[in-house]
Amino acid sequence: MNSSIRNRLASMLAISTALIGYGLATAPSASAANYGCAGSSIDSFAVKSQQGTTFGHIYLYFDSSTKKNCAVTVKNDAGSYGTVTYTSIQIWKCSAGTRAGSDCSNIDSDVKDAGDYKYQAGPKSLAAGGHCIEVDATINNKNGYTAQYFSKAIHCG
28 MNSSIRNRLA SMLAISTALI GYGLATAPSA SAANYGCAGS SIDSFAVKSQ
78 QGTTFGHIYL YFDSSTKKNC AVTVKNDAGS YGTVTYTSIQ IWKCSAGTRA
128 GSDCSNIDSD VKDAGDYKYQ AGPKSLAAGG HCIEVDATIN NKNGYTAQYF
178 SKAIHCG
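The opening residue of the sequence shown carries number 28 in the numbering used here; numbering runs sequentially from there.
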């Protein structure tokens with residue numbers, strides 16, 4: 028192989044290695060898969076319109092080291108993903124004694140993120156160890172339709 032070809036191949040290899048290294052260095056972190064929430068995925072809920080169309084999902088996480096629940100509402104195409112529309116997520120910490128599947132009529136605390144977003148509302152975290160939680164979400168799409176989800180008391184303990 029003549030030196031000119033060898034030099035070109037060496038240059039191409041160096042450029043390829045640099046590009047691969049750049050791609051690895053700029054790859055999204057593992058936490059991006061959790062939409063900014065710490066912990067493990069414990070549940071998800073479809074956010075549906077009255078007509079039954081799913082506009083997105085609530086993703087719920089629990090961090091056992093901090094005893095915090097974290098939730099995010101992520102829009103899909105029907106929910107106008109990529110278009111600024113009203114989107115919300117809320118987590119409620121039920122008072123002691125609330126049983127799973129019941130209404131969380133007495134609230135100890137709550138966190139909410141609501142506004143005009145392109146992709147998601149949240150993440151929002153709430154310490155609720157030893158208590159049930161409720162989650163709710165709303166997504167308005169660009170056509171003026173609304174989808175909502177309201178849970179009963181869940182993930183008690």
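Glycine included, each C-beta is placed from N, C-alpha and C at the ideal position.
Please read all numbers here as calculations on a predicted model, not as lab measurements.
Assuming Ala105 and Asn168 form a contact by the criterion Cβ under 8 Å, report the distance between their Cβ atoms to the nearest whole angstrom. The residue labelled residue 105 in the question sits at position 78 within the sequence shown. The residue labelled residue 168 in the question sits at position 141 within the sequence shown. So it is a contact: roughly 7 Å between Cβ atoms.
Could you give the first and the last residue of the continuous beta strand (DSSP E) run that contains Lys169? Within the sequence shown, residue 169 is the residue found at index 142, counting from 1. Segment: none, Lys169 is in no beta strand (DSSP E) and carries neither H nor E.
In this structure, does DSSP put Asn61 in helix, strand or coil? What you label residue 61 is simply residue 34 of the sequence shown in a count that begins at 1. Reduced to three states, the DSSP call for Asn61 is helix.
Would the stretch 160 to 174 count as touching the stretch 110 to 124 if we require 3 or more Cβ pairs under 8 Å? yes
If we require 3 or more residues per run, which beta strand (DSSP E) segments fall completely within the stretch 108 to 184? 112 to 121, 134 to 144, 147 to 154, 160 to 167, 173 to 177
Expressed to the nearest angstrom, what Euclidean distance is found between the alpha-carbon atoms of Cys121 and Gly83? On the sequence shown, residue 121 is found 94 positions in, with the first residue counted as 1. On the sequence shown, residue 83 is found 56 positions in, with the first residue counted as 1. Near 25 Å, if we compare the C-alpha coordinates of Gly83 and Cys121.
Residues sharing a beta bridge with Asp70, DSSP: On the sequence shown, position 43 is the one that residue 70 refers to. Leu87, per the DSSP bridge assignment.
What are the boundary residues of the beta strand (DSSP E) that includes Ala98? Start at 1 with the first residue of the sequence shown, and residue 98 comes out as number 71. Segment 95 to 102, the beta strand (DSSP E) holding Ala98.
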